[in-house]
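Here the working numbering is used: the first residue of the sequence shown is 4, the next is one more, and so on. Every residue gets a Cβ at the ideal spot worked out from N, C-alpha and C, and that includes glycine.
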Amino acid sequence: MDKKRIFLSSPTMHGEEQEYIREAFETNWVAPLGANVDGFENDIENYTGCGYAAALSSGTGAIHLALKLCGVRRDDVVFCSDLTFAATANPIAYEGAKAVFIDSEEETWNMDPQALKKAFQKYPEAKAVIAANLYGTPARLSELKAVCEEYHVPFIEDAAESLGSTYKGRQTGTIGDIGIYSFNGNKIITTSGGGMLVSMDEAKVKKARFLATQAREPARHYEHKEIGYNYRMSNIVAGIGRGQMKHLSEHVALKTKIYETYKAAFSDIPEICMNPYLEDMVPNFWLSCITIDPECSVKPIAVMEALETVNAESRPIWKPMHLQPVFEENDFIQVADKKSVSERIFDCGVCLPSDIKNTKEEMDMMIDTIRGLFGK
């Protein structure tokens, strides 16, 4: 009999989701509006303290609308995290703007405020900054925002991976001028697919809803004065989100336990370091990751291949954007001239199985598998 597949991070359903979905069917509210959409937006507003929220079809769509709200146009420069998933950067290209990628710093793996300052010195005309909270760990958000304020440029906080994380006591996604969340199937909570744009500025969120609904004017006839998009969230999948929100704190606690279990298990292996964070941060630990000393004979691929022998899914760290073929002509800013921080993390990092349904026996098996590679 084949071993059960152990996933990196799969959806976890609880049952309440079906109650909201059933209500949508019974009331025939299956379009991109209805009680579930309104309720899910309210849930996010209340949980995060974000002010106002617009439920959208994806986190990528939310970033795209955030750029529109910031007035980004063709050939404008937008500074973007380098160590992130491509969805952070792709919407910049949608607008015909130019992404300039900013290196990470080692203490959070996120955008380096010093590199951002250097980028502004080279491109003082930049129109926006997008910084991701990688794997659920907040960036140095107050420092990044201070740099943006110095240059009078809006700060977009990509909290796609960090719903439930806090920075200096505040929920991530609420520190930037605009924040975005993702509810993709692998995230800390899911709507199957979906996203949210949030801001303390009500006018921005209202404009996002307008643009997300094909920019249709409130006229009796169909009238459009600007280009719009089909980015609103379905009332059905919003019902999944409402059910999931009841368990967000539980999911964060389980992810934290997974991280702490790995950390304790590898504490006697000096070649292994867990993904780091600072004292004023409480990550949601969406994914538990390790880096391996480059001088060690055990390489990340060996860890991934060993985990595959016990049918456990692991992944490399995100490949930095400045190394992606599609962005090979884009500029990249780093503080030092040596190999970039983001590239070094990519070269020696592994995302470990972080599914909240993992049993103790499965965790022990995976830990033993990894420890065995290091002679433990």
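- For Thr294, there is no enclosing alpha helix (DSSP H); the enclosing beta strand (DSSP E) covers residues Cys292 to Ile295.
- Between Val201 and Ile181, the gap from beta carbon to beta carbon is short of 9 Å.
- Going by C-alpha positions, Ala122 is about 10 Å away from Pro116.
- When secondary structure is reduced to three states using DSSP, Asn233 falls in the strand class.
- Taking the Cα of Gly99 as reference, the smallest distance to any Cα among Asp78, Tyr184 and Phe10 is reached at Asp78.
- In this structure the region 7 to 24 lies against the region 242 to 250, because at least three pairs of beta carbons, one per stretch, are closer than 8 Å.
- Rounded to the nearest whole angstrom, the CA to CA distance from Asp296 to Glu274 is 5 Å.
- Scanning the region 93 to 156 from its first residue to its last, the whole alpha helix (DSSP H) runs of 4-plus residues come out as 93 to 97, 116 to 125 and 144 to 153.
- Annotated three-state conformation of Pro319 is strand, per DSSP.
- Residue pairing of Ala57 in beta bridges, as defined by DSSP: Leu200.
- Assignment of alpha helix (DSSP H) within the region 226 to 286, counting only whole runs of 4 or more residues, yields 238 to 248 and 251 to 268 in chain order.
- Every alpha helix (DSSP H) of 4 residues or more that sits fully in the region 34 to 78 is shown, in chain order, as 38 to 51 and 62 to 72.
- Runs of the alpha helix (DSSP H) lying entirely within the region 305 to 368 and spanning at least 4 residues, in chain order: 344 to 351.
- Measuring C-alpha to C-alpha distances from Gly54 to each of Glu308, Val208 and Ile304 identifies Val208 as the nearest.
- Taking 9 Å as the cut-off, the beta carbon of Tyr280 is found closer than this to the beta carbon of Thr140.
- Ranked by how close their Cα comes to the Cα of Phe330, the residues Lys258, Ala65, Phe104 and Ser300 have Phe104 in first place.
- Separation of the CB atoms of Val255 and Cys292 is rounded to 17 Å, and the pair is thereby denied contact status at 8 Å.
- Counting other Cβ atoms within 10 Å of its Cβ, Ile66 reaches 16 or more and is therefore classed as buried.
- By the Cβ test, the region 155 to 168 is in contact with the region 183 to 201, since at least three Cβ pairs between them sit closer than 8 Å.
- In the assembly as shown, Ile304 is an exposed residue. Its beta-carbon has fewer than 16 other beta-carbons within 10 Å.
- Residue environment: Asp161 is assigned as buried (16 or more neighbouring CB atoms within 10 Å of its CB, all protein chains considered).
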